[in-house]
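Asks: Just dropping this structure here.
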Amino acid sequence: MKARIIVIALLCMGIACQAQNKVDRQGRKQGHWVKTDRNGAKIYEGDFIDGQESGVFKYFWPNGTLKMQNTFSVPGKYCSHEAWDEQGNLVARGFYNQKNRDSVWTFYNQEGKVVKIATYRMGVKYGMHVVFNANGDTAESQNWTDNHRNGPWYRRIGKKGYMRGTYVMGGLEGRLVEYNEEGELVREGNYKNGLKDGSYRFYQLGQLIVDEKWGNGQLIDRKILLTAPTPMYISIYEIAYFHPKGSKYAVVYKMDGTQLTCQEDVTTIGDRIRSDMFSFVDRKSRISANVNCIKGLTKDSAGRVILDLDPKPQFSVFPDNDCLKMIRSVQRTDKLD
956 MKARIIVIAL
966 LCMGIACQAQ
976 NKVDRQGRKQ
986 GHWVKTDRNG
996 AKIYEGDFID
1006 GQESGVFKYF
1016 WPNGTLKMQN
1026 TFSVPGKYCS
1036 HEAWDEQGNL
1046 VARGFYNQKN
1056 RDSVWTFYNQ
1066 EGKVVKIATY
1076 RMGVKYGMHV
1086 VFNANGDTAE
1096 SQNWTDNHRN
1106 GPWYRRIGKK
1116 GYMRGTYVMG
1126 GLEGRLVEYN
1136 EEGELVREGN
1146 YKNGLKDGSY
1156 RFYQLGQLIV
1166 DEKWGNGQLI
1176 DRKILLTAPT
1186 PMYISIYEIA
1196 YFHPKGSKYA
1206 VVYKMDGTQL
1216 TCQEDVTTIG
1226 DRIRSDMFSF
1236 VDRKSRISAN
1246 VNCIKGLTKD
1256 SAGRVILDLD
1266 PKPQFSVFPD
1276 NDCLKMIRSV
1286 QRTDKLD
């Protein structure tokens, strides 16, 4: 008796499936369809008209929860869309036009808070895109045209700090500014065709500390503030090397041999220089040198290996292992050339 019931049930299921998943003579899906995987879990369920999705069409996660739901106003072409994660949390809501994102889209985090609002035109970023932080404040806003940033741009830094600039078809153009949490100007610079061009300056506590000049994306000069003992600005191209003097100060040697005892420490000076043109030659003693001043290796009167520097310092520099590897690598390259 039980076996007969099972057979009848299976026959009914087969008949139901045949009644659902139909195709016409042209091979187009028609009517209500349910597709399952090998384990019998539902993949999607919905109605077709002439092979096009119609009405409410649902997709499912392997665990059975709803993954996506498309509600078609025009079969197979235009629909409203909602998507959920495997835990059932709404993650996105928007519209599709011929399978392209279209109009306004809203994205959510697991707590249900809006994290991004974006606009599209047939799959292309077009219009305002706004990103929100965990507090619901605007973290970034930008207008787009044909998948290019185009128009005023804003990005929050911390709670009150921010950057502002303008993009023209994907490249920064004109003035960019950055302010810190206290509302103080941190940097300002000019761009042309997406490249730094003209003046670019950095500030600390309202004082100019780095003054750069750029031309078409190429650094022309960088002047840094040194207090030696009064404030002065010096080009990094004039600096040969620098090292600590005690724990708070540093001595800077210029290309002409002039020595400057500065009230800044070596870390501050290095941060202001921030150029690949300078490298630690002795990390233990925290001596940094302009690589163009390193002529090679030589030995002192005691036969110890020291750096051959020009201009020559009034002290010997004993290169560390990293410095030795760099010099020997350059020497090998020169020989190959």
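For the sequence shown, the numbering used here gives the first residue as 956, with consecutive numbering after it.
C-beta: ideal position from N, C-alpha, C; glycine also.
1. Could you please give the first and the last residue of the uninterrupted alpha helix (DSSP H) stretch that includes aspartate 1265?
2. Buried or exposed, going by whether 16 or more other CB atoms sit within 10 Å of the CB of glycine 1258?
3. How far does the beta strand (DSSP E) with threonine 1026 in it extend, from its first residue to its last?
4. Identify whether lysine 1151 lies in helix, strand or coil by the three-state DSSP scheme.
5. Isoleucine 1072 to serine 1028, Cα distance in whole Å?
6. Can you find a heavy atom of the ligand HEM that lies under 7 Å from the Cβ of arginine 1119?
7. Skipping 5 residues on each side, what residues in its chain have a beta carbon closer than 6 Å to that of isoleucine 1004?
8. Check aspartate 1226 in the structure and name its three-state DSSP category.
9. Please report how far the alpha carbon of isoleucine 1224 lies from the alpha carbon of glutamate 1137, in whole angstroms.
10. Find out if the Cβ-Cβ distance for the pair glutamate 1139, leucine 1160 is shorter than 8 Å.
11. Taking C-alpha atoms, which residue in Arg993, Ser1035 and Asn1018 lies nearest to serine 1009?
12. State the CB to CB distance for the pair glycine 1251 and aspartate 1263, rounded to an integer number of angstroms; the pair is presumed to be in contact (CB under 8 Å).
13. Flag this pair as touching only if the segment 1195–1203 and the segment 1176–1183 have three or more C-beta atom pairs under 8 Å; answer yes or no.
14. Return helix, strand or coil for glycine 969, following the three-state DSSP convention.
15. What is the rounded straight-line gap between the Cα of glutamine 975 and the Cα of arginine 983?
16. With C-beta atoms as the reference, is arginine 1056 less than 8 Å away from glycine 1049?
17. Whose C-alpha, out of Lys1168, Asn1098, Leu1215 and Ser1271, is nearest the C-alpha of tyrosine 1155?
18. Roughly how many angstroms separate the alpha carbons of glycine 1153 and glutamine 1065, rounded to a whole number?
19. Terminal residues of the continuous beta strand (DSSP E) containing aspartate 1211?
20. Measuring straight from C-alpha to C-alpha, what distance separates tyrosine 1196 and isoleucine 1261?
21. What is the residue span of the beta strand (DSSP E) that isoleucine 1175 lies within?
22. Once the 5 residues before and after threonine 1253 are set aside, which same chain residues still bring their CB inside 7 Å of it?
23. By how many angstroms is the C-alpha of valine 1079 removed from the C-alpha of glutamine 1053?
24. Is it buried or exposed, isoleucine 1242, if we count other Cβ atoms within 10 angstroms and call 16 or more buried?
Replies: Taking the geometry as given:
1. Locating residue 1265 in the sequence shown gives position 310, where the first residue counts as 1. No alpha helix (DSSP H) holds aspartate 1265; DSSP gives it neither H nor E.
2. Locating residue 1258 in the sequence shown gives position 303, counting from the first residue. By the Cβ-count criterion, glycine 1258 is exposed, with fewer than 16 other Cβ atoms from all chains shown falling within 10 Å of its own Cβ.
3. Your numbering for residue 1026 matches position 71 in the sequence shown. Run containing threonine 1026: 1021–1029, per the beta strand (DSSP E) assignment.
4. Start at 1 with the first residue of the sequence shown, and residue 1151 comes out as number 196. It is a strand residue.
5. For the purposes of this step, residue 1072 is identified with residue 117 of the sequence shown, where counting begins at 1. For the purposes of this step, residue 1028 is identified with residue 73 of the sequence shown, where counting begins at 1. Looking at the two C-alpha atoms, the distance is approximately 23 Å.
6. Although the ligand HEM was asked about, the structure shown includes no ligands whatsoever.
7. Here residue 1004 refers to the residue found at position 49 of the sequence shown. Cβ neighbours of isoleucine 1004 beyond the five flanking positions: Pro1030.
8. Residue 1226 sits at position 271 when you count from the first residue of the sequence shown. Assignment of aspartate 1226 by DSSP, reduced to helix, strand and coil, places it in the helix class.
9. To locate residue 1224, count along the sequence shown from 1; it is residue 269. To locate residue 1137, count along the sequence shown from 1; it is residue 182. Looking at the backbone, the Cα of isoleucine 1224 and that of glutamate 1137 are separated by about 24 Å.
10. For the purposes of this step, residue 1139 is taken as residue 184 along the sequence shown, with counting starting at 1. For the purposes of this step, residue 1160 is taken as residue 205 along the sequence shown, with counting starting at 1. Yes.
11. Here residue 1009 refers to the residue found at position 54 when the sequence shown is read from its first residue. Comparing Cα positions, the closest option is Ser1035.
12. Indexing the sequence shown from 1 puts residue 1251 at position 296. Indexing the sequence shown from 1 puts residue 1263 at position 308. Indeed they touch by this definition, with Cβ atoms about 5 Å apart.
13. The segment 1195–1203 is not in contact with the segment 1176–1183.
14. Numbered from its first residue, the sequence shown carries residue 969 at position 14. A caution first: glycine 969 carries a pLDDT of 46, below 50, which makes its placement in the model too unreliable to give a value.
15. Here residue 975 refers to the residue found at position 20 of the sequence shown. Here residue 983 refers to the residue found at position 28 of the sequence shown. Going by the C-alpha atoms only, they are around 13 Å apart.
16. As a position in the sequence shown, residue 1056 is number 101, starting the count at 1. As a position in the sequence shown, residue 1049 is number 94, starting the count at 1. Result yes, Cβ atoms of arginine 1056 and glycine 1049 sit closer than 8 Å.
17. As a first step, residue 1155 is located in the sequence shown; it is residue number 200 there, counting from the start. Taking only the C-alpha atoms, the option nearest tyrosine 1155 is Lys1168.
18. As a position in the sequence shown, residue 1153 is number 198, starting the count at 1. As a position in the sequence shown, residue 1065 is number 110, starting the count at 1. Taken atom to atom, the span from the alpha-carbon of glycine 1153 to that of glutamine 1065 is near 45 Å.
19. In the sequence shown, counting from the first residue as 1, residue 1211 sits at position 256. Careful: aspartate 1211 lies outside any beta strand (DSSP E) and carries neither H nor E.
20. Along the sequence shown, one-based indexing puts residue 1196 at 241. Along the sequence shown, one-based indexing puts residue 1261 at 306. For tyrosine 1196 and isoleucine 1261, the distance between alpha carbons rounds to 15 Å.
21. Start at 1 with the first residue of the sequence shown, and residue 1175 comes out as number 220. Start and end: 1173–1182.
22. As a first step, residue 1253 is located in the sequence shown; it is residue number 298 there, counting from the start. Ile1261 and Asp1263, listed in sequence order.
23. Against the sequence shown, residue 1053 aligns to sequence position 98. Against the sequence shown, residue 1079 aligns to sequence position 124. Taking the straight line from one Cα to the other gives about 13 Å.
24. Here the question's residue 1242 lines up with position 287 in the sequence shown. Classification for isoleucine 1242: buried.
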